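**Student:**
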Amino acid sequence: MPQPDEHGREDDSRDYSRDYSRDENSRNDDGRDVTVRGGSEHGGSEHDDPPEALRIFLAGATGVIGVRLLPLLLRAGHAVAAMTRSAAKADSLAAMGAQPVVCDVFDAEALREAVVAFRPDAVLHQLTDLPDKAEQVPEFAARNARIRTEGTRNLLAAAQEAGARHFLAQSIDWIPAGGGAVLEEHEQRVLKVGGVVVRYGQFYGPDTFYEHEVPSRPRIHVDAAARETVPLITAASGVFVLAEAQ
Numbered sequence: 023m024p025q026p027d028e029h030g031r032e033d034d035s036r037d038y039s040r041d042y043s044r045d046e047n048s049r050n051d052d053g054r055d056v057t058v059r060g061g062s063e064h065g066g067s068e069h070d071d072p073p074e075a076l077r078i079f080l081a082g083a084t085g086v087i088g089v090r091l092l093p094l095l096l097r098a099g100h101a102v103a104a105m106t107r108s109a110a111k112a113d114s115l116a117a118m119g120a121q122p123v124v125c126d127v128f129d130a131e132a133l134r135e136a137v138v139a140f141r142p143d144a145v146l147h148q149l150t151d152l153p154d155k156a157e158q159v160p161e162f163a164a165r166n167a168r169i170r171t172e173g174t175r176n177l178l179a180a181a182q183e184a185g186a187r188h189f190l191a192q193s194i195d196w197i198p199a200g201g202g203a204v205l206e207e208h209e210q211r212v213l214k215v216g217g218v219v220v221r222y223g224q225f226y227g228p229d230t231f232y233e234h235e236v237p238s239r240p241r242i243h244v245d246a247a248a249r250e251t252v253p254l255i256t257a258a259s260g261v262f263v264l265a266e267a268q
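With the sequence shown counted from 1, adding 22 to any position gets you the working numbering.
1) Taking the beta strand (DSSP E) that Thr106 belongs to, which residues open and close that run?
2) Is it right to say Val215 is buried, meaning 16 or more other beta carbons lie within 10 angstroms of its own, or is it exposed?
3) Alpha carbon to alpha carbon, how far is Leu95 from Val252? Give it in angstroms, no decimals.
4) Span of the beta strand (DSSP E) holding Leu213?
5) By Cβ distance, which residues of its chain are closer than 8 Å to Thr171, with the 5 residues on each side in sequence left out?
6) Going by C-alpha distance, which of Thr230, Phe225, Glu233 is nearest Pro240?
7) Provide the residue(s) that pair with Gln224 in DSSP beta bridges, ordered along the chain.
8) Excluding the 5 residues flanking Val236 on each side, which residues of the same chain have their C-beta closer than 6 Å to its C-beta?
9) Answer with buried or exposed for Arg249, where buried requires no fewer than 16 other C-beta atoms within 10 angstroms of its C-beta.
10) In three-state DSSP terms, what is Arg77?
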């Protein structure tokens, strides 16, 4: 059976003047119901909105989810360090009210210094390395796999040294062709230290591979995905699935 295409991309062109924040609810922008499935191995899938004034280190702040998460977090009163690889985007992130951090996740020492200096309560891993066009995804498979192996390892190490109490990492709600082992390693590494894994359905909507069409299931509108991620930041360790209801 053909697998859905990969989704999302980090550090590509965005309109930072756009307000991606919306009123939180459990529906997509087109009215489809969204479900949040999964949770703690100890039986807990309930979660509350994060308390006020968390210090959050957002890796992948200019990615398809990160650019939507950032205004939601700032509007909720959290202090956010917004990490990007692009120095050209630092001023835009600062203008939104975040503390910009220009860093490459593969520079382990620079990353450690940046995370430790910020002293975060929570670290969010929303990094990917994907192309602008869906048909180019196979060419980027090795690069994106490196994000999920070396990148995840570096970010987790930095978060642990900084004493962060929460760690959330994005994943996907399907098995990519040839990438199941990498995805499993990525998720297990996060869960082993008490983190949260969020498996998203295929993103559709502005700035995604599916801007003008709805992909096959599992799927979720990218704005709804960002909204539903926020309360999971302080959830008990486990795997959560964000996708439209069947």
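C-beta: ideal position from N, C-alpha, C; glycine also.
None of the values given here were measured: they were computed from a predicted structure.
**Tutor:** Concretely, from the data shown:
1) Boundaries of the beta strand (DSSP E) around Thr106: 101-106.
2) It counts as exposed.
3) Within the model, the alpha-carbon separation for Val252 versus Leu95 is close to 8 Å.
4) Run containing Leu213: none in the beta strand (DSSP E); it sits in the alpha helix (DSSP H), 202-214.
5) So the qualifying residues of the chain are Val204, Glu207, His208.
6) Minimum Cα distance to Pro240 is reached at Phe225.
7) Arg241, per the DSSP bridge assignment.
8) Hits under 6 Å: Tyr226.
9) Answer is buried; the Cβ neighbour count reaches 16.
10) Strand, per DSSP.
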